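All remarks here apply to the structure that follows.
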């Protein structure tokens, strides 16, 4: 244990001498995440507010067929624009967000009290067109209901007879759940990536870097066991990673407080932060042991760093899968690395509880995988050519 602590302290002191690398390891994520939270939230809120409040320019095809509808639209902050020559091209080229087409038989159907046809032309894949489309749909629905009620009243029929059921909604989601839905696609990946690669700088430098500087061979030549030397290096990297995670979580709390509309809805209490830190600790150990294994098996720092691009893509796999095909939490998920962290962080963001069994499976599998990687790394440390610079 004394050897482990000595090596750990030695690595931390050596690492602290390189202030630029220390800054990158500790403060890069804590700076980026709140900037993203505040920046994205501010931009989205301002854009949504502008789209909801400003007059909506709506090109209309066949406006002469429905003068009463046109007047109703104009009364709801919608500016009627001339129809483009090619509506499909206008949507594709994004010169128009939404176009309304009124059927030529609108007037005849209207006089006969038949359903009159209108068509909303838009591109559903364009996120910035969603609010204009919803505004037009809402006004058209309101107009249809108002005219339908007037037709019934003109015939001496109460509009209420058309409503056989009064459907209400009881939303059981918590404010944290609503906020967690917004952040679920971004924040878990950033936190998992910070934990997985939090000790990367120190691990690579303390193994592959010392090997290049030819300072690893004297250390391995001491009577200390190679497992203790390696464990000291891993412990130092874990401490750096844990410090980075703690600073990141503090920055998340600050980001939620500064971001417009987020602070009052999201659970960023100390208890929530502690739970997320607990979730990420096994990932920190797993990533540090994996990086130690890689650093001990490569010939240079540059070769070790080449693996970073691949490793950065691994945590995003469950995020993409859950975005494409969302699934409910199942017990087996808590035994799958990266997927389990993603699901558990989302649960915390949603204000949901995690059962003791789920915690047990998660920690059992995570720590076991970390131990397996530690054993493989220790075997690499016993190779004689480890200390020989290429």
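In our numbering, the protein residues as written are 10 to 399.
We put the CB at the ideal spot given by N, CA and C, even for glycine.
Since this is a predicted model, take the numbers as computed values, not measurements.
Note to self: Suppose contacts are defined by Cβ-Cβ distances below 8 Å. Is residue 243 in contact with residue 297 by that definition?
What the structure shows: Taking the chain shown and counting its residues from 1, one reaches residue 243 at position 234. Taking the chain shown and counting its residues from 1, one reaches residue 297 at position 288. Closer than 8 Å, so yes.
Notebook entry, point to check: What separation, rounded to the nearest whole angstrom, lies between the Cα atoms of residue 352 and residue 340?
Noted result: Here the question's residue 352 lines up with position 343 in the chain shown. Here the question's residue 340 lines up with position 331 in the chain shown. Approximately 11 Å, taken between the alpha carbons.
Check: Is the Cβ-Cβ distance between residue 250 and residue 310 less than 8 Å?
Finding: Looking up residue 250 in the chain shown gives position 241. Looking up residue 310 in the chain shown gives position 301. No, the pair does not count as a contact, with Cβ atoms beyond the cut-off.
Checklist line | For residue 252 and residue 21, the rounded distance between their alpha carbons | finding: For the purposes of this step, residue 21 is taken as the residue at position 12 of the chain shown. For the purposes of this step, residue 252 is taken as the residue at position 243 of the chain shown. Taking the straight line joining both Cα atoms gives about 12 Å.
Notebook entry, point to check: Given 8 Å as the limit, is there contact between the region 278-288 and the region 310-325, that is, 3 or more CB pairs closer than that?
Noted result: no
Next item on the list: State yes or no: is the C-beta of residue 110 within less than 8 Å of the C-beta of residue 130?
Entry: Taking the first residue of the chain shown as 1, we reach residue 110 at position 101. Taking the first residue of the chain shown as 1, we reach residue 130 at position 121. A contact, by the Cβ cut-off of 8 Å.
Checklist line | CB contact flag (residue 122, residue 160, <8 Å) | finding: Sequence index remark: in the chain shown, residue 122 carries index 113 (1-based). Sequence index remark: in the chain shown, residue 160 carries index 151 (1-based). For residue 122 and residue 160, yes; Cβs fall inside 8 Å.
Note to self: Rounded to the nearest angstrom, what separates residue 383 and residue 358 at their Cα positions?
What the structure shows: As a first step, residue 383 is located in the chain shown; it is residue number 374 there, counting from the start. As a first step, residue 358 is located in the chain shown; it is residue number 349 there, counting from the start. In a straight line, the C-alpha of residue 383 is about 31 Å away from that of residue 358.
Notebook entry, point to check: Hey, out of 240, 168, 259, whose CA is closest to residue 39's CA?
Noted result: Counting from one through the chain shown, the residue named residue 39 turns up at place 30. Taking only the C-alpha atoms, the option nearest residue 39 is 259.
Next item on the list: Count the other CB atoms, across all protein chains shown, that sit within 10 Å of the CB of residue 150; report buried if there are 16 or more and exposed otherwise.
Entry: In the chain shown, counting from the first residue as 1, residue 150 sits at position 141. Per the 10 Å Cβ criterion, exposed.
Margin query: Could you pull the DSSP bridge partners for residue 65 from this structure?
Written below: Translated into the one-based positions of the chain shown, residue 65 becomes position 56. Beta-bridge pairing links residue 65 to 87.
Next item on the list: Answer with buried or exposed for residue 106, where buried requires no fewer than 16 other C-beta atoms within 10 angstroms of its C-beta.
Entry: The count along the chain shown starts at 1 and reaches residue 106 at position 97. Buried, since its Cβ has 16 or more Cβ neighbours within 10 Å.
Item checked: Test item: CB-CB of residue 379 and residue 294 under 8 Å -> As a working note, residue 379 is residue 370 in the chain shown. As a working note, residue 294 is residue 285 in the chain shown. Yes. Within cutoff.
Next item on the list: Look at the alpha carbon of residue 364 and the alpha carbon of residue 139, and state the distance between them as a whole number of angstroms.
Entry: The residue given as residue 364 occupies position 355 in the chain shown. The residue given as residue 139 occupies position 130 in the chain shown. If I take the Cα positions, the gap works out to 38 Å.
Margin query: In chain order, what are the residue ranges of uninterrupted alpha helix (DSSP H) at least 4 long that sit wholly in the region 126-172?
Written below: 139-163
Check: Which whole-angstrom value is the C-beta distance of residue 200 and residue 41, which I expect to be below 8 Å?
Finding: Translated into positions along the chain shown, residue 200 becomes position 191. Translated into positions along the chain shown, residue 41 becomes position 32. Between residue 41 and residue 200 the Cβ distance is about 12 Å, and since that is not below 8 Å, they are no contact.
Check: What's the C-alpha gap between residue 264 and residue 32?
Finding: As a working mapping, residue 264 is identified with position 255 in the chain shown. As a working mapping, residue 32 is identified with position 23 in the chain shown. For residue 264 and residue 32, the distance between alpha carbons rounds to 20 Å.
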